[in-house]
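Sequential numbering from 1414 applies to the sequence shown in this note's numbering.
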Amino acid sequence: MHQLPLPDEVKTWLNNQLTEMTRRAAPGRADTSYLCGKRVLVTGAGGSIGAELVRQLAPLPLAELVMLDRDESALHSLQLALHGRALLTSDELALCSIRDREALHQVFAAHRPQVVFHAAALKHLPLLQKFPAEAYKTNTLGTANVLEAAQGAERFVNISTDKAARPTSALGRSKQLAERLTAHYGKGKAYASVRFGNLLASRGSVVHSLYYQIMHGGPVTITDPKVERFFMSLPQACNLLLEAGGRGRNGQVLVMDMGRQVPVLTLAQKLMDYLGRSVPVEFTGLREGEKLSESLFGPDEHPTAGPTKQLSALAVPALAPADL
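Here it is as C-alpha coordinates:
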(Lines of atoms letter the chains of each structure in order from A and count residues from 1; the text may use other names and numbers.)
(Lines give C-alpha, C1' and ligand atoms only; values in the text may rest on other atoms or scores of the structure.)
Protein backbone atom coordinates (compact mmCIF):
# COMPACT_ATOMS: atom_id res chain seq x y z
CA MET A 1 0.00 0.00 0.00
CA HIS A 2 1.17 3.52 -0.76
CA GLN A 3 1.62 5.89 2.16
CA LEU A 4 -1.24 8.35 1.94
CA PRO A 5 -0.24 11.98 1.48
CA LEU A 6 -1.55 14.37 4.10
CA PRO A 7 -4.41 16.45 2.65
CA ASP A 8 -4.00 20.22 2.91
CA GLU A 9 -6.95 20.51 5.28
CA VAL A 10 -5.29 18.02 7.66
CA LYS A 11 -2.04 20.02 7.55
CA THR A 12 -3.95 23.22 8.37
CA TRP A 13 -5.73 21.51 11.26
CA LEU A 14 -2.44 20.11 12.56
CA ASN A 15 -0.78 23.54 12.50
CA ASN A 16 -3.69 25.01 14.47
CA GLN A 17 -3.50 22.17 16.98
CA LEU A 18 0.24 22.67 17.30
CA THR A 19 -0.18 26.27 18.43
CA GLU A 20 -2.77 25.20 21.00
CA MET A 21 -0.90 22.18 22.38
CA THR A 22 2.57 23.74 22.58
CA ARG A 23 1.31 27.15 23.77
CA ARG A 24 3.90 28.76 21.57
CA ALA A 25 3.30 31.99 19.72
CA ALA A 26 3.83 31.93 15.97
CA PRO A 27 7.21 33.41 14.99
CA GLY A 28 7.44 36.66 13.09
CA ARG A 29 8.37 36.64 9.44
CA ALA A 30 12.12 36.31 8.88
CA ASP A 31 14.08 39.19 7.38
CA THR A 32 15.36 37.87 4.05
CA SER A 33 16.95 41.08 2.77
CA TYR A 34 20.41 39.53 3.21
CA LEU A 35 19.57 37.10 0.39
CA CYS A 36 18.82 39.70 -2.27
CA GLY A 37 21.12 39.33 -5.26
CA LYS A 38 22.92 36.34 -3.73
CA ARG A 39 23.75 32.91 -5.13
CA VAL A 40 22.06 30.39 -2.83
CA LEU A 41 22.51 26.61 -2.67
CA VAL A 42 20.32 24.14 -0.76
CA THR A 43 21.56 20.60 -0.09
CA GLY A 44 18.91 17.93 0.38
CA ALA A 45 16.60 20.11 -1.70
CA GLY A 46 14.32 17.18 -2.52
CA GLY A 47 13.56 16.34 1.12
CA SER A 48 10.74 17.74 3.22
CA ILE A 49 12.71 20.60 4.78
CA GLY A 50 14.77 21.30 1.69
CA ALA A 51 11.75 21.43 -0.62
CA GLU A 52 9.80 23.76 1.68
CA LEU A 53 12.86 25.98 2.01
CA VAL A 54 13.23 26.11 -1.78
CA ARG A 55 9.56 27.07 -2.09
CA GLN A 56 10.14 29.99 0.28
CA LEU A 57 13.36 31.02 -1.45
CA ALA A 58 12.07 30.79 -5.03
CA PRO A 59 10.03 34.06 -5.02
CA LEU A 60 12.95 36.10 -3.60
CA PRO A 61 15.18 38.22 -5.88
CA LEU A 62 18.15 35.85 -5.79
CA ALA A 63 20.99 35.84 -8.30
CA GLU A 64 20.73 32.03 -8.45
CA LEU A 65 19.06 29.19 -6.55
CA VAL A 66 20.81 25.82 -6.84
CA MET A 67 18.98 22.69 -5.67
CA LEU A 68 21.29 19.80 -4.78
CA ASP A 69 20.12 16.28 -3.98
CA ARG A 70 21.16 12.68 -4.66
CA ASP A 71 17.54 11.69 -5.50
CA GLU A 72 16.76 12.37 -9.16
CA SER A 73 13.03 11.77 -8.69
CA ALA A 74 12.88 14.25 -5.82
CA LEU A 75 14.59 16.91 -7.95
CA HIS A 76 12.19 16.18 -10.80
CA SER A 77 9.16 16.58 -8.50
CA LEU A 78 10.54 19.74 -6.93
CA GLN A 79 11.19 21.47 -10.24
CA LEU A 80 7.79 20.39 -11.52
CA ALA A 81 6.15 21.90 -8.42
CA LEU A 82 8.08 25.16 -8.81
CA HIS A 83 7.74 25.75 -12.53
CA GLY A 84 4.97 23.46 -13.74
CA ARG A 85 7.53 21.57 -15.80
CA ALA A 86 10.74 19.72 -15.09
CA LEU A 87 13.73 20.99 -17.06
CA LEU A 88 16.18 18.41 -15.83
CA THR A 89 19.00 19.84 -17.93
CA SER A 90 18.80 23.28 -16.28
CA ASP A 91 21.74 24.60 -14.29
CA GLU A 92 19.67 25.07 -11.13
CA LEU A 93 19.71 21.32 -10.43
CA ALA A 94 22.72 19.43 -9.06
CA LEU A 95 22.46 15.63 -8.82
CA CYS A 96 25.08 14.85 -6.22
CA SER A 97 25.61 12.96 -2.97
CA ILE A 98 27.15 14.87 -0.09
CA ARG A 99 29.29 11.77 0.53
CA ASP A 100 31.04 12.45 -2.80
CA ARG A 101 33.68 15.02 -1.86
CA GLU A 102 35.03 15.51 -5.39
CA ALA A 103 31.59 15.96 -6.96
CA LEU A 104 30.63 18.48 -4.28
CA HIS A 105 33.72 20.54 -4.98
CA GLN A 106 32.84 20.57 -8.68
CA VAL A 107 29.31 21.82 -7.95
CA PHE A 108 30.51 24.53 -5.58
CA ALA A 109 33.28 25.62 -7.96
CA ALA A 110 30.75 25.92 -10.79
CA HIS A 111 28.16 27.95 -8.84
CA ARG A 112 30.22 29.66 -6.12
CA PRO A 113 27.25 29.95 -3.71
CA GLN A 114 27.35 32.83 -1.26
CA VAL A 115 24.70 31.35 1.05
CA VAL A 116 24.37 27.62 1.80
CA PHE A 117 21.50 25.88 3.58
CA HIS A 118 22.57 22.33 4.45
CA ALA A 119 19.46 20.14 4.73
CA ALA A 120 20.80 16.83 3.38
CA ALA A 121 20.74 14.14 6.07
CA LEU A 122 19.55 10.73 7.15
CA LYS A 123 16.95 11.09 9.91
CA HIS A 124 15.15 7.85 10.84
CA LEU A 125 16.38 6.93 14.31
CA PRO A 126 15.55 3.19 14.43
CA LEU A 127 17.09 2.46 11.04
CA LEU A 128 20.21 4.49 11.79
CA GLN A 129 20.51 2.72 15.14
CA LYS A 130 20.71 -0.51 13.15
CA PHE A 131 23.14 1.00 10.61
CA PRO A 132 25.13 3.59 12.61
CA ALA A 133 27.92 3.78 10.05
CA GLU A 134 25.44 5.18 7.54
CA ALA A 135 24.49 7.97 9.95
CA TYR A 136 28.16 8.82 10.40
CA LYS A 137 28.99 8.72 6.69
CA THR A 138 26.14 11.03 5.69
CA ASN A 139 25.38 13.25 8.68
CA THR A 140 28.95 13.71 9.91
CA LEU A 141 31.38 13.07 7.06
CA GLY A 142 28.89 14.41 4.50
CA THR A 143 28.56 17.63 6.49
CA ALA A 144 32.34 17.90 6.66
CA ASN A 145 32.44 17.59 2.86
CA VAL A 146 29.84 20.32 2.40
CA LEU A 147 31.58 22.66 4.86
CA GLU A 148 34.92 22.13 3.12
CA ALA A 149 33.42 22.79 -0.32
CA ALA A 150 31.56 25.86 0.98
CA GLN A 151 34.54 27.67 2.49
CA GLY A 152 34.07 30.55 0.08
CA ALA A 153 30.47 31.10 1.20
CA GLU A 154 29.50 34.17 3.20
CA ARG A 155 26.79 32.40 5.19
CA PHE A 156 26.11 28.78 6.10
CA VAL A 157 23.21 27.16 7.96
CA ASN A 158 23.48 23.54 9.13
CA ILE A 159 20.19 21.86 9.97
CA SER A 160 20.46 19.88 13.19
CA THR A 161 18.04 18.21 15.59
CA ASP A 162 17.09 18.26 19.27
CA LYS A 163 18.50 14.71 19.34
CA ALA A 164 21.98 16.29 19.21
CA ALA A 165 21.41 17.49 22.79
CA ARG A 166 22.43 14.75 25.23
CA PRO A 167 22.57 12.21 22.37
CA THR A 168 21.68 8.58 23.07
CA SER A 169 21.38 7.42 19.46
CA ALA A 170 23.53 7.12 16.36
CA LEU A 171 21.40 9.85 14.78
CA GLY A 172 21.93 12.23 17.69
CA ARG A 173 25.67 11.58 17.88
CA SER A 174 26.14 12.05 14.13
CA LYS A 175 24.31 15.39 14.22
CA GLN A 176 26.15 16.56 17.34
CA LEU A 177 29.44 16.02 15.50
CA ALA A 178 28.03 17.97 12.54
CA GLU A 179 27.28 20.90 14.87
CA ARG A 180 30.85 20.84 16.16
CA LEU A 181 32.25 20.72 12.61
CA THR A 182 30.13 23.76 11.75
CA ALA A 183 31.56 25.54 14.80
CA HIS A 184 35.08 24.79 13.53
CA TYR A 185 34.50 26.10 10.00
CA GLY A 186 32.33 28.96 11.26
CA LYS A 187 34.90 30.78 13.38
CA GLY A 188 34.62 34.47 12.54
CA LYS A 189 31.94 33.78 9.91
CA ALA A 190 28.16 34.05 9.63
CA TYR A 191 27.67 30.32 10.18
CA ALA A 192 25.15 28.59 12.44
CA SER A 193 23.47 25.28 13.20
CA VAL A 194 19.74 25.16 13.95
CA ARG A 195 18.15 22.53 16.20
CA PHE A 196 14.65 21.39 15.28
CA GLY A 197 12.10 19.21 16.97
CA ASN A 198 9.89 16.81 15.00
CA LEU A 199 8.40 18.34 11.88
CA LEU A 200 4.68 18.00 11.36
CA ALA A 201 3.63 16.61 8.00
CA SER A 202 7.19 15.93 6.82
CA ARG A 203 7.78 12.77 4.82
CA GLY A 204 8.11 9.81 7.18
CA SER A 205 7.21 11.88 10.26
CA VAL A 206 5.37 10.42 13.25
CA VAL A 207 2.26 12.40 12.24
CA HIS A 208 2.39 10.99 8.72
CA SER A 209 2.66 7.48 10.17
CA LEU A 210 -0.26 8.08 12.55
CA TYR A 211 -2.45 9.35 9.71
CA TYR A 212 -1.55 6.36 7.54
CA GLN A 213 -2.33 3.88 10.32
CA ILE A 214 -5.63 5.55 11.24
CA MET A 215 -6.84 5.70 7.63
CA HIS A 216 -6.03 2.00 7.18
CA GLY A 217 -7.95 0.93 10.28
CA GLY A 218 -5.05 0.67 12.70
CA PRO A 219 -3.60 -0.32 14.92
CA VAL A 220 -1.81 2.91 15.78
CA THR A 221 1.62 1.97 17.13
CA ILE A 222 3.25 4.18 19.76
CA THR A 223 6.38 3.19 21.64
CA ASP A 224 5.21 4.29 25.11
CA PRO A 225 2.09 5.99 26.52
CA LYS A 226 4.31 8.69 28.07
CA VAL A 227 6.50 9.44 25.05
CA GLU A 228 6.44 13.12 24.08
CA ARG A 229 8.15 15.28 21.49
CA PHE A 230 8.76 18.87 20.43
CA PHE A 231 6.89 19.65 17.22
CA MET A 232 7.20 22.38 14.59
CA SER A 233 5.48 22.93 11.28
CA LEU A 234 7.56 22.89 8.10
CA PRO A 235 6.86 26.59 7.36
CA GLN A 236 7.91 27.51 10.93
CA ALA A 237 11.08 25.46 10.60
CA CYS A 238 12.04 27.10 7.30
CA ASN A 239 11.23 30.54 8.69
CA LEU A 240 13.72 29.76 11.47
CA LEU A 241 16.31 28.68 8.89
CA LEU A 242 15.92 31.94 7.00
CA GLU A 243 16.23 33.86 10.28
CA ALA A 244 19.36 31.91 11.20
CA GLY A 245 20.91 32.62 7.82
CA GLY A 246 20.77 36.33 8.54
CA ARG A 247 21.73 36.20 12.21
CA GLY A 248 24.01 33.20 12.80
CA ARG A 249 27.56 33.89 14.00
CA ASN A 250 30.72 31.89 14.67
CA GLY A 251 29.16 28.49 14.06
CA GLN A 252 26.88 28.83 17.09
CA VAL A 253 23.79 26.67 17.59
CA LEU A 254 20.45 28.49 17.47
CA VAL A 255 17.44 26.92 19.16
CA MET A 256 13.88 28.13 18.82
CA ASP A 257 11.48 28.25 21.74
CA MET A 258 9.30 25.29 20.78
CA GLY A 259 6.93 25.57 23.72
CA ARG A 260 5.79 22.46 25.55
CA GLN A 261 6.43 18.92 24.38
CA VAL A 262 3.34 17.16 23.02
CA PRO A 263 2.43 13.61 24.12
CA VAL A 264 2.30 11.47 20.97
CA LEU A 265 -0.69 9.57 22.37
CA THR A 266 -2.62 12.84 22.79
CA LEU A 267 -1.78 13.81 19.23
CA ALA A 268 -2.97 10.42 17.96
CA GLN A 269 -6.25 10.70 19.88
CA LYS A 270 -6.90 14.21 18.58
CA LEU A 271 -6.17 13.07 15.03
CA MET A 272 -8.60 10.15 15.39
CA ASP A 273 -11.29 12.52 16.68
CA TYR A 274 -10.71 14.92 13.78
CA LEU A 275 -10.86 12.12 11.19
CA GLY A 276 -13.89 10.54 12.84
CA ARG A 277 -12.16 7.16 13.13
CA SER A 278 -11.51 5.13 16.27
CA VAL A 279 -8.79 2.49 15.93
CA PRO A 280 -6.87 0.42 18.51
CA VAL A 281 -3.57 1.68 19.93
CA GLU A 282 -0.64 -0.65 20.58
CA PHE A 283 2.38 0.26 22.71
CA THR A 284 5.51 -1.36 21.33
CA GLY A 285 8.16 -0.27 23.86
CA LEU A 286 10.93 2.30 23.51
CA ARG A 287 13.43 1.48 20.81
CA GLU A 288 17.19 1.43 21.32
CA GLY A 289 18.50 4.99 21.52
CA GLU A 290 15.02 6.50 21.95
CA LYS A 291 14.06 8.79 24.85
CA LEU A 292 10.71 9.32 26.56
CA SER A 293 11.25 13.08 26.33
CA GLU A 294 13.63 15.18 24.28
CA SER A 295 15.90 17.99 25.49
CA LEU A 296 16.79 21.17 23.68
CA PHE A 297 20.11 21.43 25.54
CA GLY A 298 22.52 18.95 27.07
CA PRO A 299 23.48 19.03 30.78
CA ASP A 300 26.81 20.72 30.01
CA GLU A 301 25.37 23.23 27.53
CA HIS A 302 24.65 26.78 28.66
CA PRO A 303 22.44 28.75 26.28
CA THR A 304 22.39 32.53 26.22
CA ALA A 305 19.95 35.05 24.81
CA GLY A 306 19.86 34.77 21.04
CA PRO A 307 19.41 37.38 18.31
CA THR A 308 15.61 37.40 18.79
CA LYS A 309 13.24 36.76 21.72
CA GLN A 310 12.34 33.32 20.37
CA LEU A 311 15.91 32.16 19.73
CA SER A 312 18.53 30.97 22.21
CA ALA A 313 22.20 30.80 21.23
CA LEU A 314 24.70 28.17 22.24
CA ALA A 315 28.44 27.88 21.68
CA VAL A 316 29.52 24.28 21.10
CA PRO A 317 33.10 22.94 21.09
CA ALA A 318 34.69 23.19 17.66
CA LEU A 319 35.84 19.97 16.01
CA ALA A 320 38.29 19.85 13.11
CA PRO A 321 37.71 17.14 10.46
CA ALA A 322 41.17 15.74 11.19
CA ASP A 323 40.03 14.98 14.75
CA LEU A 324 37.04 12.85 13.74
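Yeah, the Cβ is synthetic: ideal placement off N, Cα and C, and Gly gets one too. From a predicted model like this one, the values you see are computed outputs, not experimental measurements.
| said: Output needed for Pro1712: all residues of its chain with C-beta closer than 6 Å, excluding positions within five of it in sequence on either side, in chain order. | reply: In the sequence shown, residue 1712 corresponds to position 299, counting from 1. Cβ neighbours of Pro1712 beyond the five flanking positions: none.
| said: In the DSSP output, which residue or residues are listed as bridge partners for Ile1635? | reply: In the sequence shown, counting from the first residue as 1, residue 1635 sits at position 222. Phe1696.
| task | Just grab the DSSP bridge partners of Glu1641 for me. | result | Along the sequence shown, read from residue 1 onward, the residue named residue 1641 stands at position 228. Glu1641 pairs with Pro1676.
| task | Return the CA-CA distance between Val1355 and Phe1521, expressed in angstroms with no decimal places. | result | Residue 1355 cannot be examined here, being either before or after the span of the chain that is shown, 1414 to 1737.
| field | Backbone CA spacing between Leu1419 and His1621 [nearest angstrom] | value | Within the sequence shown, residue 1419 is the residue found at index 6, counting from 1. Within the sequence shown, residue 1621 is the residue found at index 208, counting from 1. Taking the straight line from one Cα to the other gives about 7 Å.
| For Ala1516, does the three-state DSSP call read helix, strand or coil? | As a position in the sequence shown, residue 1516 is number 103, starting the count at 1. Three-state DSSP puts Ala1516 in a helix.
| query | Would DSSP call Arg1660 helix, strand or coil? | reply | Taking the sequence shown and counting its residues from 1, one reaches residue 1660 at position 247. Helix, per DSSP.
| field | Cβ pair Val1559, Thr1425 closer than 8 Å | value | Translated into positions along the sequence shown, residue 1559 becomes position 146. Translated into positions along the sequence shown, residue 1425 becomes position 12. Not closer than 8 Å, so no.
| said: If contacts are defined as beta-carbon pairs under 8 Å, then Gly1661 and Ala1733 qualify, I think. What distance do you get, rounded to the angstrom? | reply: In the sequence shown, the residue the question calls residue 1661 occupies position 248. In the sequence shown, the residue the question calls residue 1733 occupies position 320. At roughly 20 Å, the Cβ-Cβ gap does not stay under 8 Å, so Gly1661 and Ala1733 are not in contact.
| message | Looking only at its chain, what residues have a beta carbon closer than 7 Å to the beta carbon of Arg1525, apart from the 5 residues adjacent to it on each side? | response | In the sequence shown, counting from the first residue as 1, residue 1525 sits at position 112. Hits under 7 Å: Arg1452, Gly1565.
| CA-CA distance, Thr1556 and Asp1421? | Here residue 1556 refers to the residue found at position 143 when the sequence shown is read from its first residue. Here residue 1421 refers to the residue found at position 8 when the sequence shown is read from its first residue. Taking the straight line from one Cα to the other gives about 33 Å.
| Just reading off the beta strand (DSSP E) that Arg1608 is part of, what are its end residues? | Counting from one through the sequence shown, the residue named residue 1608 turns up at place 195. Residues 1603-1609.
| field | Neighbourhood of Leu1473 by C-beta, 8 Å cutoff - its chain only, sequence neighbours within 5 removed | value | Along the sequence shown, read from residue 1 onward, the residue named residue 1473 stands at position 60. Correct list, in chain order: Thr1445, Leu1448, Cys1449.
| task | Output the boundary residues of the beta strand (DSSP E) element that contains Val1423. | result | Taking the first residue of the sequence shown as position 1, residue 1423 is located at position 10. That residue, Val1423, is in no beta strand (DSSP E); its alpha helix (DSSP H) goes 1421-1435.
| Measuring CA to CA, which of Arg1514, Leu1724, Val1694, Lys1536 is closest to Leu1554? | Sequence index remark: in the sequence shown, residue 1554 carries index 141 (1-based). For the residues Arg1514, Leu1724, Val1694, Lys1536, the minimum Cα distance to Leu1554 belongs to Arg1514.
| Assuming Ala1532 and Gly1463 make a contact with CB atoms under 8 Å, what is their CB distance in whole Å? | In the sequence shown, counting from the first residue as 1, residue 1532 sits at position 119. In the sequence shown, counting from the first residue as 1, residue 1463 sits at position 50. Confirmed, about 4 Å.
| said: I'd like the list of long-range same chain contacts for Gly1631, defined as Cβ closer than 6 Å, with 5 residues on each side in sequence excluded. | reply: For the purposes of this step, residue 1631 is taken as residue 218 along the sequence shown, with counting starting at 1. The answer, listed in chain order, is Val1692, Pro1693.
| Got a sec? Which residues, its chain only, sit under 6 Å from Val1423 by beta carbon, not counting five neighbours each side? | Position 10 of the sequence shown holds residue 1423. Hits under 6 Å: none found.
| query | CA-CA distance, Leu1427 and Ala1735? | reply | Walking along the sequence shown from the start, residue 1427 turns up at place 14. Walking along the sequence shown from the start, residue 1735 turns up at place 322. So the two alpha carbons sit approximately 44 Å from each other.
| message | Between the alpha carbons of Val1640 and His1537, how many angstroms are there, rounded? | response | What you label residue 1640 is simply residue 227 of the sequence shown in a count that begins at 1. What you label residue 1537 is simply residue 124 of the sequence shown in a count that begins at 1. The straight-line gap from Cα to Cα measures roughly 17 Å.
| said: Taking DSSP's pairing of strands, which residues face Ser1646 in a bridge? | reply: Start at 1 with the first residue of the sequence shown, and residue 1646 comes out as number 233. BP columns for Ser1646 point to Leu1613.
| query | Looking at the structure shown, is Ser1718 part of a helix, part of a strand, or coil, going by DSSP? | reply | Within the sequence shown, the letter at position 305 stands for residue 1718. What sits at residue 1718 in the sequence shown is Ala, not Ser. In the displayed model, Ala1718 falls within a strand according to three-state DSSP.
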